[in-house]
Amino acid sequence: MPKIVFLQVDSEDQPLVKERFGDADIIEGIPDDIAGACSDAEIVSIFIGIDMNADLLARLPNLKLLCTRSVGFNHIDLEYCAKKGITVCHVPDYGSHVIAEHVFALLLSTLRHIPEADKKVESGDFDYHGLRGVSLRGKTLGIVGTGKIGAKAAQIAGGFGMRILAVDRCRTVELEDLLHVKYTELDELLSESDIITLHLPAVEETHHMIDSVAFAKMKDGVCLVNTARGELIDSDALLDALNSGKVQYALLDVLEHEHNFEENKELIKHPSVVSTPHIAFYAEESMHNMYEDAFTSIDEYLRGDEPEHIVHPPTVVCDLPGVQKS
7 MPKIVFLQVD SEDQPLVKER FGDADIIEGI PDDIAGACSD AEIVSIFIGI
57 DMNADLLARL PNLKLLCTRS VGFNHIDLEY CAKKGITVCH VPDYGSHVIA
107 EHVFALLLST LRHIPEADKK VESGDFDYHG LRGVSLRGKT LGIVGTGKIG
157 AKAAQIAGGF GMRILAVDRC RTVELEDLLH VKYTELDELL SESDIITLHL
207 PAVEETHHMI DSVAFAKMKD GVCLVNTARG ELIDSDALLD ALNSGKVQYA
257 LLDVLEHEHN FEENKELIKH PSVVSTPHIA FYAEESMHNM YEDAFTSIDE
307 YLRGDEPEHI VHPPTVVCDL PGVQKS
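Residue numbers for the sequence shown follow the numbering used here, so the first one is 7 and each next one is one higher.
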C-alpha cells in the first residue's frame with residue numbers, strides 16, 4: 007500500500023478517515039514541517055490553508071497524487087504538478103447548498119440586526135428602536151457566477167420573492183424558466199442590484215474584478231456578499247466604498263489576504279463589515295461529503311484508474327459578459 011498522508015483533519019473527522027484508510031498518517035492542523043510529514047508519501051490529501059508551491063512540492067519526491075478537499079485549487083502550483091507528473095484532484099461539489107445557505111444567513115442576520123438585538127435582550131433592554139430591518143422580498147439580487155453555488159443561491163432567493171439578475175458565461179435554462187433569472191452583462195447587474203453575491207473562482211480573469219470602477223457603477227447603499235474567494239475584490243477599493251457609503255454592508259466569508267489579521271484589520275473592524283472565518287462550507291453534511299469524494303479519488307488512483315475529478319492547468323477561464331480584460 008502506498009504511503010498516504012491526510013493533513014488538516016479535524017478531530018471529529020479522524021474516525022471517518024481511519025475507517026477508510028487505517029494505515030494512513032492522519033494529522034490534525036498544519037504541521038510545522040509539512041515536507042517532513044509528507045516526505046515519503048505517494049498520496050497527500052490537504053485542505054485550504056497550505057500553499058502547495060513549487061518549493062514545497064519539490065521536497066516531496068514520491069508524491070504522485072495530491073488531493074485537495076476543496077472546490078478551489080488556487081493554493082496549488084498546477085503547472086509544477088503537471089511538469090512533475092503529479093495528479094491533482096479536487097472536490098467540485100461537496101456542499102453548494104451549504105455555502106448558498108451561508109449567504110442568506112449573513113444577509114438575514116445583518117439586515118434584520120440579529121446580533122444587535124440579541125445583545126440588547128441579554129442586557130435586559132427590550133426596546134426595538136434602532137433595530138428596524140430590511141426585507142429581502144422585492145429586492146434585486148445580482149449573482150455573479152451561476153455555477154452550483156450560484157444556482158443554489160438563486161433558488162433560495164426565489165423563495166424570498168427576490169428579483170434575480172445573473173452574470174455567467176453559460177446560461178442555465180432551468181434558472182431562467184423556473185426562477186425567471188435574467189442573465190445580463192456585469193455593468194447592468196452592478197447598477198441595478200440591491201445585493202450582489204459573488205460565486206466565481208480566483209483566476210487571472212477574476213482577480214480584483216470588483217474594483218473602484220465596479221464600485222462606482224453600483225447603487226448607493228449596496229450590500230456586497232463574498233463567500234467565494236477574497237481575491238475577487240480589491241480590498242482597498244472596498245474600504246473606500248464602505249467609507250463613502252457606496253457599500254452599506256460588506257458580508258465576507260473570505261478575505262484577500264486570508265489568515266493575515268494585520269493586513270485585514272482595518273477592513274475586518276469596519277462597522278459595516280460582517281466577517282466569518284471561511285466557514286460557509288463548514289457543516290456536518292458537507293464535511294462528510296467532502297471526505298467521501300476525496301476518498302473516491304484516492305480509491306480510483308489506487309485501482310489504477312484515472313480519478314474523475316482531476317484538475318488540469320491552465321485554470322478555467324471566466325469569460326463573463328461585460329468584463330473587460332487588460
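Cβ coordinates follow ideal geometry from the N, Cα and C atoms, glycine included. Just so it is clear, the structure is predicted and the values come from calculations on it, not from any experiment.
Would you kindly report the start and end of the unbroken alpha helix (DSSP H) that includes residue i?
i: Gly164; result: 154–165
i: Gly42; result: 40–44
i: Leu343; result: Here the chain has residues from 7 to 332 only, and residue 343 is not among them.
i: Leu112; result: 102–117
i: Leu244; result: 241–250
i: Phe301; result: 290–308
i: Val187; result: Val187 -> no alpha helix (DSSP H), and no H or E assigned at all.
i: Glu25; result: 20–26
What's the C-alpha gap between residue i and residue j?
i: Tyr297; j: Gly101; result: 11 Å
i: Ala43; j: Asn232; result: 34 Å
i: Gly139; j: Pro283; result: 25 Å
i: Gly28; j: Lys89; result: 31 Å
i: Ser250; j: Ile92; result: 48 Å
i: Ala300; j: Lys126; result: 44 Å
i: Arg26; j: Pro207; result: 30 Å
i: Ile36; j: Gly144; result: 45 Å
i: Pro313; j: Ile49; result: 13 Å
i: Val173; j: Gly151; result: 6 Å
i: Lys275; j: His315; result: 39 Å
i: Gln254; j: Glu210; result: 28 Å
i: Glu128; j: Glu182; result: 45 Å
i: Ser230; j: Asp31; result: Correcting the residue type first, residue 230 is Leu in the shown sequence and not Ser. Taking the straight line from one Cα to the other gives about 41 Å.
i: Thr302; j: Asn295; result: 11 Å
i: Met7; j: Ala41; result: 20 Å
i: Ile33; j: Phe12; result: 6 Å
i: Ala339; j: Asp46; result: The structure shown has nothing for residue 339, since the chain only spans 7 to 332.
i: Lys188; j: Gln161; result: 13 Å
i: Ile54; j: Leu71; result: 16 Å
i: Asp242; j: Asp311; result: 46 Å
i: Leu184; j: Arg169; result: 13 Å
i: Thr146; j: Glu264; result: 29 Å
In this structure, does DSSP put residue i in helix, strand or coil?
i: Thr74; result: strand
i: Ser51; result: strand
i: Thr93; result: strand
i: Leu66; result: coil
i: Lys126; result: helix
i: Ser197; result: helix
i: Val228; result: strand
i: Thr203; result: strand
i: Ile285; result: coil
i: Ile36; result: coil
i: Ile56; result: coil
Taking the beta strand (DSSP E) that residue i belongs to, which residues open and close that run?
i: Leu257; result: 253–258
i: Ala30; result: Looking at the DSSP string, Ala30 is not in any beta strand (DSSP E), and its letter there is neither H nor E.
i: Arg169; result: 169–173
i: Thr146; result: 146–150
i: Phe343; result: Given that the chain is displayed from residue 7 to residue 332, the structure contains no residue 343 and the question cannot be resolved.
i: Ser281; result: 279–281
i: Val11; result: 10–12
Applying the criterion that 16 or more other CB atoms from any shown protein chain within 10 Å of the CB defines a buried residue, is residue i buried or exposed?
i: Arg177; result: exposed
i: Arg75; result: buried
i: Gly148; result: buried
i: Glu191; result: exposed
i: Pro21; result: exposed
i: Ser199; result: buried
i: Asn59; result: exposed
i: Glu237; result: buried
i: Arg175; result: exposed
i: Leu69; result: buried
i: Leu114; result: exposed
i: Phe267; result: exposed
i: Lys336; result: Any answer about residue 336 is impossible in this case: the structure gives the chain only from 7 up to 332.
i: Gly17; result: Checking the sequence shown, residue 17 turns out to be Ser, not Gly. Burial call: exposed.
i: His318; result: exposed
i: Val15; result: buried
Quick one: does the C-beta of residue i sit closer than 7 Å to a heavy atom of the ligand SAH?
i: Val260; result: Absence of the ligand SAH is noted for the structure shown, with no ligands found whatsoever.
Give a yes or no on whether the minimum CB-CB distance between residue i and chain C is below 8 Å.
i: Asn232; result: The question asks about chain C, but that chain is absent: this structure has only one protein chain.
- Message: Quick test of the definition: if touching needs 3 or more C-beta pairs under 8 Å, does the region 125–138 touch the region 301–314?
- Response: Not touching, per the Cβ criterion.
- Message: Three Cβ pairs or more, each shorter than 8 Å: is that satisfied between the region 238–246 and the region 211–230?
- Response: With the cut-off at 8 Å, the region 238–246 and the region 211–230 touch.
- Give a yes or no on contact between the region 267–287 and the region 80–87, applying the rule of three or more CB pairs nearer than 8 Å. Output reads no: the region 80–87 does not touch the region 267–287.
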